[in-house]
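Engineer: Quick one: this structure, given as structure tokens, is what I'll be asking you about.
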Amino acid sequence: MARTKTRNGKKKTAGAGKSTGRSAKSARGGATAGGRKSAGGLPLGRGPNPQRVRAILHRLDEAYPEASCELIHENPFELLISTILSAQCTDVTVNIVTKELFPKYPDARALAYADPRALEQEIRPTGFFRNKTKSIMGASKKIVEEFGGKVPQTMEELLTLPGVARKTANVVLGSGFGIASGIVVDTHVQRLSERLDLTKNTDPKKIEQDLMQIILREKWILFSHQLIWHGRRVCNARKPKCAECNLERLCYSKDKTS
Ligand code: SF4
447 MARTKTRNGK KKTAGAGKST GRSAKSARGG ATAGGRKSAG GLPLGRGPNP
497 QRVRAILHRL DEAYPEASCE LIHENPFELL ISTILSAQCT DVTVNIVTKE
547 LFPKYPDARA LAYADPRALE QEIRPTGFFR NKTKSIMGAS KKIVEEFGGK
597 VPQTMEELLT LPGVARKTAN VVLGSGFGIA SGIVVDTHVQ RLSERLDLTK
647 NTDPKKIEQD LMQIILREKW ILFSHQLIWH GRRVCNARKP KCAECNLERL
697 CYSKDKTS
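Each number in the numbering used here comes from the position in the sequence shown (counting from 1) with 446 added on.
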């Protein structure tokens with residue numbers, strides 16, 4: 447199940463994703479599905495063939511059975527605001543800012559009619575604070591005036607909100623409502639999908655379509671969390687820790703380190 451951290455540290459279930467129950471620590475190697483070799487000598491061949499994709503998913507389940515959204519939130523509206531704030535900013539910084547922000551602005555109405563100058567200063571540490579203020583206030587206003595104060599639950603409706611593109615909508619639907627409408631393609635998912643040769647595309651929309659073709663819908667929510675966790679903890683952008691990576695035998699990225 448996709449789980450989400452709340453402000454009090456408890457986890458709540460938002461959607462349907464399967465986990466295997468093993469420790470979250472990555473374990474390199476081992477004679478599991480990913481370790482078997484094809485006739486050609488490469489572990490389960492190359493590209494997004496079904497056997498190799500299954501092996502990658504199996505390894506991700508082993509390493510991150512309970513991967514979840516790391517933006518702390520109590521409801522879909524808070525998640526929406528946190529996700530808007532997270533553009534070009536770490537989740538850690540967003541969580542620090544929202545710890546003060548959400549008690550002061552507890553719902554869409556409060557943010558819709560906030561003092562923009564004050565809000566800009568309150569979210570300033572997350573960067574791009576003027577644009578983010580416009581997006582937050584615009585989205586909140588639309589939620590109040592057109593959606594009865596509730597975050598809409600369809601991709602089409604979410605995309606009408608200022609500052610909301612497909613990635614943000616997928617985060618809110620997946621982690622806020624447990625609806626697998628697509629796959630979140632952020633910078634980590636993009637990088638890892640390329641390194642793991644799950645796509646040849648570089649455009650996030652096309653990457654998402656490629657991933658949706660090769661991964662079962664029931665795995666979409668958990669899979670994106672798992673790739674994000676792997677990207678943050680092991681497969682870093684600049685210096686991936688390949689020696690610690692349990693996908694190493696399935697990976698032939700040119701970025702691999704020895
Ligand atoms: S590049 Fe390295 S860390 Fe990233 S998936 Fe491949 S083996 Fe793992």
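For each residue, glycine too, the CB sits at the ideal point set by N, CA and C.
Does DSSP classify CYS515 as helix, strand or coil?
Structural biologist: strand
Engineer: Helix, strand or coil for ARG637, going by three-state DSSP, please let me know.
Structural biologist: helix
Engineer: Taking 7 Å as the cut-off, is the beta-carbon of ASP701 closer than that to any non-hydrogen atom of the ligand SF4?
Structural biologist: yes
Engineer: Helix, strand or coil, according to DSSP, for THR539 in the structure here?
Structural biologist: Correct three-state label for THR539: helix.
Engineer: Is it buried or exposed, VAL635, if we count other Cβ atoms within 10 angstroms and call 16 or more buried?
Structural biologist: Under this definition VAL635 is a buried residue.
Engineer: Terminal residues of the continuous alpha helix (DSSP H) containing ARG500?
Structural biologist: 496–509
Engineer: Tell me whether ILE589 sits in a helix, a strand or coil according to DSSP, three-state version.
Structural biologist: helix
Engineer: What is the rounded straight-line gap between the Cα of PRO709 and the Cα of LEU604?
Structural biologist: The structure shown does not extend to residue 709, since the chain is modelled only from 447 to 704, so the question has no answer here.
Engineer: Could you tell me if the beta carbon of GLU694 falls within a distance shorter than 7 Å of some heavy atom in the ligand SF4?
Structural biologist: yes
Engineer: Beta-carbon within less than 8 Å of LYS652's beta-carbon, same chain only, minus the 5 sequence neighbours each way: which residues are those?
Structural biologist: THR645
Engineer: Can you list, in chain order, the residues of its chain whose CB lies under 8 Å from that of SER589, leaving out five sequence neighbours each side?
Structural biologist: For clarity, residue 589 is Ile in the given sequence; the question names Ser instead. The answer, listed in chain order, is PHE523, ALA554, ALA558, GLY595, LYS596, VAL597, PRO598, LEU607.
Engineer: Based on Cα-Cα distance, which residue from THR544, GLY624, ILE661, ILE542 lies nearest to PRO496?
Structural biologist: Across the set THR544, GLY624, ILE661, ILE542, the C-alpha of ILE661 shows the shortest separation from the C-alpha of PRO496.
Engineer: Name the two residues that bound the continuous alpha helix (DSSP H) containing ILE660.
Structural biologist: Annotation for ILE660: the continuous alpha helix (DSSP H) segment containing it runs 650–660.
Engineer: Can you tell me where the alpha helix (DSSP H) holding GLY622 begins and where it ends?
Structural biologist: Unbroken run through GLY622: none, as it is neither H nor E.
Engineer: What span of residues does the alpha helix (DSSP H) with ASN682 cover, start to end?
Structural biologist: That residue, ASN682, is in no alpha helix (DSSP H); it is neither H nor E in DSSP.
Engineer: With the cut-off set at 8 Å, would you say TYR510 and GLN672 are in Cβ contact?
Structural biologist: yes
Engineer: In whole angstroms, what separates the C-alpha of ILE665 from that of HIS504?
Structural biologist: The residue you asked about is not Ile; residue 665 is Lys in the sequence shown. Their backbone Cα atoms lie some 11 Å apart in a straight line.
Engineer: Rounded C-beta distance between ALA513 and LEU668? I'm assuming under 8 Å.
Structural biologist: 6 Å
Engineer: Confirm, please, whether the CB-CB distance from MET601 to GLY628 is below 8 Å.
Structural biologist: yes
Engineer: Using the Cα positions of GLY481 and VAL499, report the straight-line distance between them to the nearest angstrom.
Structural biologist: Its pLDDT being 43, under 50, GLY481 is placed unreliably in this model, and the value from its coordinates should be taken loosely. Their backbone Cα atoms lie some 13 Å apart in a straight line.
Engineer: Sort GLU508, MET583, LEU490 by Cα distance to ASN692 and report the nearest one.
Structural biologist: GLU508
Engineer: Could you spell out the range, first to last residue, of the alpha helix (DSSP H) harbouring LYS613?
Structural biologist: 612–617
Engineer: Given THR565, which residues of its chain have a CB within under 6 Å of its CB, disregarding the five upstream and five downstream residues?
Structural biologist: In the sequence on display, residue 565 carries Leu and not Thr. So the qualifying residues of the chain are THR579.
Engineer: Rounded to a whole number of angstroms, what is the C-alpha to C-alpha distance between VAL540 and ASN577?
Structural biologist: 15 Å
Engineer: Enumerate in chain order the residues of its own chain whose CB-to-CB distance from ILE674 is below 7 Å, with the five nearest sequence positions on each side excluded.
Structural biologist: ASP632, HIS634, VAL635
Engineer: Which of helix, strand or coil does DSSP assign to GLY487?
Structural biologist: Summary for GLY487: the model assigns pLDDT 48, below 50, so the residue's position carries little reliability, and this model does not support an answer.
Engineer: Excluding five sequence neighbours on each side, which residues of the same chain lie with their C-beta closer than 8 Å to the C-beta of ALA626?
Structural biologist: Result list for ALA626: GLY461, ALA462, LEU619, GLY620, ARG663, GLU664, TRP666, ILE667, in chain order.
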